[in-house]
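Notes for the one structure printed next.
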Amino acid sequence: MKTLIAYSTTLGCTEQCASKLKNDLGADVEMVRISRRRRYNLHNHETIIIGGSIHEGMIQRSVYKFCENNLDVLLQKQIGLFVCCMDPDANEQKLIKRAFPDQLVKHALASGFFGGELNIKKMNLLQKIMTRKAARLQKEPEIDFQKILDFARMLQEN
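For the sequence shown, this note's numbering gives the first residue as 1139, with consecutive numbering after it.
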């Protein structure tokens, strides 16, 4: 099964999750970082996994546009969707529904919330200020590697 993981990352967390997912899925998996200016050949892949990070309740614009622009092709493929978010108490299903077009969410074989992490070194000043304001989170955000493994297994079973 030829698989593509298409993702966008702001501070590197989503890339780290995509890389872990690639390793969990095994052979014949390609990763590509989504950018607004690039065209993609999705026809060569049976399964396409799309992921991005949530900031201020929204996924990166490039991820949403990628989904919108390629919706007809994506609806003919096996699809997996995932998000990364620093809020450990966030509602996974609400995040997924808000991040991706409705048709794609309904079509997806698997969806996942992989957690998140803070990388202060990669943040700009505004992000650092916002992070300090959000420091009232009760537990430190972290990537949930078990959820990534479970997501990979769910896709392989379908």
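Quick reminder that beta carbons are idealized off the backbone N, C-alpha and C, glycines included.
Exercise. I1172 and S1146: beta carbons closer than 7 Å?
Worked result: To locate residue 1172, count along the sequence shown from 1; it is residue 34. To locate residue 1146, count along the sequence shown from 1; it is residue 8. For I1172 and S1146, yes; Cβs fall inside 7 Å.
(request) Return the chain-ordered ranges of every beta strand (DSSP E) run that is complete within the region 1143 to 1202 and spans a minimum of 3 residues. (result) 1167 to 1171 and 1185 to 1193
| task | For A1165, count neighbouring C-beta atoms within 10 Å of its own C-beta (all shown protein chains included) and say buried if the count is 16 or more, exposed if not. | result | The residue given as residue 1165 occupies position 27 in the sequence shown. Classification for A1165: exposed.
Secondary structure of C1223, DSSP reduced to three states:
Here the question's residue 1223 lines up with position 85 in the sequence shown. Looking at C1223 - three-state DSSP - the assignment turns out to be coil, as it is neither helix nor strand.
- Would the beta-carbon of D1288 be found less than 6 Å away from any heavy atom of the ligand ADP? Absence of the ligand ADP is noted for the structure shown, with no ligands found whatsoever.
Coil, strand or helix - F1251 by DSSP | In the sequence shown, residue 1251 corresponds to position 113, counting from 1. Residue state, collapsed to three classes: strand.
Taking L1212 and V1170 to be in contact with their CB atoms under 8 Å, please state how far apart those CB atoms are, rounded to whole angstroms.
-> The sequence position of residue 1212 within the sequence shown is 74, counting from 1. The sequence position of residue 1170 within the sequence shown is 32, counting from 1. Wrong, their Cβ atoms sit about 14 Å apart, outside the cutoff.
Delimiting residues of the alpha helix (DSSP H) encompassing Q1294 = Locating residue 1294 in the sequence shown gives position 156, where the first residue counts as 1. Start and end: F1283 to E1295.
Task: For Q1231, the three-state DSSP class (helix, strand or coil) - done: Within the sequence shown, residue 1231 is the residue found at index 93, counting from 1. Residue state, collapsed to three classes: helix.
query: Which of helix, strand or coil does DSSP assign to Q1216?
result: Here residue 1216 corresponds to residue number 78 of the sequence shown, with the count starting at 1. Looking at Q1216 - three-state DSSP - the assignment turns out to be strand.
Closest Cα partner of Q1241 within the set F1252, H1193, G1218 and M1292
The residue you call residue 1241 lines up with position 103 of the sequence shown. Here the closest residue by C-alpha is G1218.
Next on the checklist: At the level of alpha carbons, what is the spacing between I1234 and K1140?
Outcome noted: Taking the sequence shown and counting its residues from 1, one reaches residue 1234 at position 96. Taking the sequence shown and counting its residues from 1, one reaches residue 1140 at position 2. Going by the C-alpha atoms only, they are around 24 Å apart.
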